[in-house]
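Enquirer: Just passing along the structure, written as structure tokens.
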Amino acid sequence: MHEMGIVLHMVDTLEETAKDNDLTRIGKVTLSVGEVSGIMTDLFTDCFDYFKVRHPVLRDASLVLETIPAVTWCDSCKKTYETVRFGRTCPYCGSGETWLLRGNECVIKEIEAE
Amino acid sequence: MKIIQVGASITASNDRDADLIRAKMKKEKTLLVNLMSAPGSGKTTFLSRLIKDMPDLKIGVMEADIESAVDAERIEALGAKAIQVHTSGMCHMDAGMTGTALKAIADGEHLDLIFLENVGNLICPAEYDTGAGLNIMILSVPEGDDKPLKYPLMFLKSDALIVSKIDALPYFTFDLDACRRRADDLNPGMPVFPVSAKKGDGMAAFEDWLRSKLAAWTADEGEADHA
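Here it is as structure tokens:
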């Protein structure tokens, strides 16, 4: 399952962050998740709940997922548009010369910890 | 409670492991090739032909599957070095798993090429950097020429596209030009190699390309391209 692999990597990164900053308990973990990153947020949270009890520093952690809207840039008419609504084709000029500006990210934004 | 700004990609630990593998392979002058495709596209048949066609190269194959060892047995029967990796239900190989498999396949003997035959899946393997120096995808004729439209990420991440089973073209409505165009829209300039691993058609062009990539990888200077 795809989300499981991503959660395993995130847990590694969180444990390293805890070690580097002498943290004993991580509370809230805020993630920025792009609209087209392909992550199913419900499954992701379930996987995290499964793994967190196996890591003392994460035992009380909770996830907050913030969605980053996906925006595409059109190279032909130099405008931006909503990716999810219009896909790869520019709704203004019909060009396919378009690039995803943001919305594919999956970043650990910040953590609350002690 | 204090707030710590992390700002790390969620797969930061994987990306770092992947870079370590690439550096190690570069030093050992072994090119690790990540081979990705849907199940049944002919990855193992393609590798079997490659091994027969390039007897001067030492080739190792790491077969990643959820279950069984049938693929590794097929490769070993050709005299190449093969190991079977079980992903325990995971839908892709990540850098950590690749690193473990590389330790298992290396026993002091130098290999020129190591193929990682990734789990048959057009989605998840594209999202994980395995540490390979070259990413190659296979699309077989029966799958259809519309796959670049449906699974764009894999076409974006690949350094070359192999269209396999072209001996079956007369029996399927597969438009090779449309497929090339769609792949090129996603990844401009990516080479496309139509092949029949069964009959051998088109294999020489791919093998020449692969040899040039291997030469660039093992050259003493400069950073090889692994974008």
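Residue numbers (the working numbering), protein chains in the order written: chain X, 1187 to 1300; chain V, 22 to 248.
Note that the Cβ used here is the ideal one computed from N, Cα and C, for glycine as well.
Computed from a prediction, not measured in an experiment: that's the story for all the values here.
Taking Cβ-Cβ distances below 7 Å as the criterion, which residues of the segment 173 to 186 of chain V are in contact with chain X?
Expert: Those would be none; no residue qualifies.
Enquirer: So which residues of chain V does Ile1297 (chain X) contact, with C-beta pairs closer than 8 Å?
Expert: Within 8 Å Cβ-Cβ: Ile24, Ile25, Val27.
Enquirer: Does Met1196 (chain X) get closer than 8 Å to chain V when you measure Cβ to Cβ?
Expert: So, interface residue.
Enquirer: Kindly list the residues whose CB is nearer than 7 Å to the CB of Asp196 (chain V), restricted to its own chain and excluding five residues on each side of it in sequence; keep chain order.
Expert: Around Asp196 (chain V): Asp166.
Enquirer: Tell me, to the nearest whole angstrom, how far the beta carbon of Ser217 (chain V) is from that of Ser62 (chain V); I am working on the premise that it is less than 8 Å.
Expert: Incorrect: roughly 13 Å between the Cβ atoms, too far for contact.
Enquirer: Taking the alpha-carbon of Leu56 (chain V) as reference, which of V:Asp36, V:Leu160, V:Arg232 has the nearest alpha-carbon?
Expert: If we check each option's Cα against that of Leu56 (chain V), V:Leu160 comes out closest.
Enquirer: Please look up how many angstroms separate the CB atoms of Asn35 (chain V) and Ala116 (chain V), rounded, as I've assumed it's under 8 Å.
Expert: About 5 Å; that satisfies the 8 Å criterion.
Enquirer: Any Cβ of chain V within less than 8 Å of the Cβ of Ile1254 (chain X)?
Expert: It does not: the Cβ of Ile1254 (chain X) has no partner Cβ on chain V nearer than 8 Å.
Enquirer: In chain V, which residues lie with their C-beta within 8 Å of the C-beta of Cys1292 (chain X)?
Expert: Within 8 Å Cβ-Cβ: Ser30, Ile31, Thr32.
Enquirer: So the alpha helix (DSSP H) Gly1191 (chain X) belongs to, where does it begin and stop?
Expert: Gly1191 (chain X) -> alpha helix (DSSP H) spans 1188 to 1206.
Enquirer: For chain X, check one thing: does any of its Cβ atoms lie closer than 8 Å to the Cβ of Cys200 (chain V)?
Expert: No - not a single Cβ of chain X is within 8 Å of the one on Cys200 (chain V).
Enquirer: If we ignore side chains and look at the alpha-carbon of each, how far apart do Thr51 (chain V) and Pro60 (chain V) end up?
Expert: C-alpha separation (whole angstroms): 27 Å.
Enquirer: Kindly indicate if chain V contains any beta-carbon less than 8 Å away from that of Gly1280 (chain X).
Expert: No, Gly1280 (chain X) does not count as interfacial toward chain V.
Enquirer: Since Ile1260 (chain X) sits in a beta bridge, which residues does DSSP pair it with?
Expert: With the sequence shown as reference, residue 1260 (chain X) is identified as Cys, and Ile is not the correct amino acid for it. Paired residue(s): X:Thr1284.
Enquirer: Once DSSP output is grouped into helix, strand and coil, what is the label at Tyr1236 (chain X)?
Expert: If DSSP states are grouped into helix, strand and coil, Tyr1236 (chain X) belongs with the helices.
Enquirer: 8 Å is my cut-off, CB to CB: does Asp150 (chain V) come that close to chain X?
Expert: By this cut-off, Asp150 (chain V) is not an interface position.
Enquirer: How about Glu1300 (chain X) and Arg1211 (chain X): do their beta carbons lie closer than 8 Å?
Expert: Cβ atoms of Glu1300 (chain X) and Arg1211 (chain X): closer than 8 Å.
Enquirer: Using a 10 Å radius around the Cβ and a threshold of 16 neighbouring Cβ atoms, would you call Ala248 (chain V) buried or exposed?
Expert: Confidence in Ala248 (chain V) is poor, its pLDDT being 45 and thus under 50, which makes the residue's placement unreliable; the coordinate value appears in the next sentence. Exposed, because fewer than 16 other Cβ atoms sit within 10 Å of the Cβ of Ala248 (chain V).
Enquirer: Nearest to Lys178 (chain V) by CA position, among V:Val82, V:Phe214, V:Val162, V:Ala153, is which residue?
Expert: Ranking the options by Cα distance to Lys178 (chain V), first place goes to V:Ala153.
Enquirer: Spatial neighbours of Arg1274 (chain X) within its chain, please: CB distance less than 7 Å, with the 5 preceding and 5 following residues excluded, ordered by chain position.
Expert: Same-chain partners within the cutoff: Gly1282, Thr1284.
Enquirer: Are there 16 or more other CB atoms within 10 angstroms of the CB of Ala1232 (chain X), so buried, or fewer, so exposed?
Expert: The sequence given here places Asp at residue 1232 (chain X); Ala does not occur at that position. With fewer than 16 other Cβ atoms within 10 Å, it is exposed.
Enquirer: Suppose you measure from the CA of Cys112 (chain V) to the CA of Glu1268 (chain X); what does that come to, to the nearest Å?
Expert: Distance between the alpha carbons of Cys112 (chain V) and Glu1268 (chain X) is about 30 Å.
Enquirer: Give the secondary structure of Lys23 (chain V) by DSSP, where H, G and I count as helix, E and B as strand, and everything else as coil.
Expert: Looking at Lys23 (chain V) - three-state DSSP - the assignment turns out to be strand.
Enquirer: Counting only Cβ pairs nearer than 7 Å, list the residues of chain V close to Glu1300 (chain X).
Expert: The contacting residues are Met22, Lys23.
Enquirer: Based on Cα-Cα distance, which residue from X:Cys1263, X:Leu1249, X:Gly1220, X:Val1257 lies nearest to Leu1200 (chain X)?
Expert: It is X:Leu1249.
Enquirer: For a test of the three-state rule: what should DSSP assign to Pro215 (chain V), helix, strand or coil?
Expert: Here Pro215 (chain V) sits in strand by DSSP.
Enquirer: Verify the CB distance criterion: does Asp206 (chain V) have a CB-CB separation below 8 Å to chain X?
Expert: Closer than 8 Å: yes.
Enquirer: Closest to Asn1207 (chain X) by C-alpha separation, out of V:Asp40, V:Ile31, V:Met22, would be which residue?
Expert: For Asn1207 (chain X), the nearest C-alpha among the options comes from V:Met22.
Enquirer: Could you tell me which of X:Lys1265, X:Glu1291, X:Phe1237, X:Ala1204 sits nearest to Arg1255 (chain X), measuring between CA atoms?
Expert: According to the sequence provided, residue 1255 (chain X) is Pro. The question's Arg does not apply to it. Answer by Cα proximity: X:Glu1291.
Enquirer: Hey, does Leu1217 (chain X) have any beta-carbon neighbour from chain V nearer than 8 Å?
Expert: Closer than 8 Å to some Cβ of chain V, the Cβ of Leu1217 (chain X) qualifies, so yes.
Enquirer: Decide if the segment 128 to 138 of chain V is in contact with the segment 76 to 84 of chain V; the criterion is three or more beta carbon pairs, one per stretch, under 8 Å apart.
Expert: Yes: at least three Cβ pairs fall under 8 Å.
Enquirer: Ordered along the chain, which non-local residues of its own chain (more than five positions away) have a Cβ less than 8 Å from that of Glu188 (chain V)?
Expert: Note on identity: in this sequence residue 188 (chain V) is Asp, with Glu being the wrong assignment. Closer than 8 Å at the Cβ level, and outside the excluded window around Asp188 (chain V), lie Ser217, Lys219, Lys220, Asp222.
Enquirer: In the structure shown, what three-state DSSP assignment does Asp150 (chain V) receive?
Expert: Here Asp150 (chain V) sits in coil by DSSP.
Enquirer: Alpha carbon to alpha carbon, how far is Ala147 (chain V) from Met224 (chain V)? Give it in angstroms, no decimals.
Expert: Those two C-alpha atoms are separated by around 24 Å.
Enquirer: For Cys1276 (chain X), does the three-state DSSP call read helix, strand or coil?
Expert: Reduced to three states, the DSSP call for Cys1276 (chain X) is coil.
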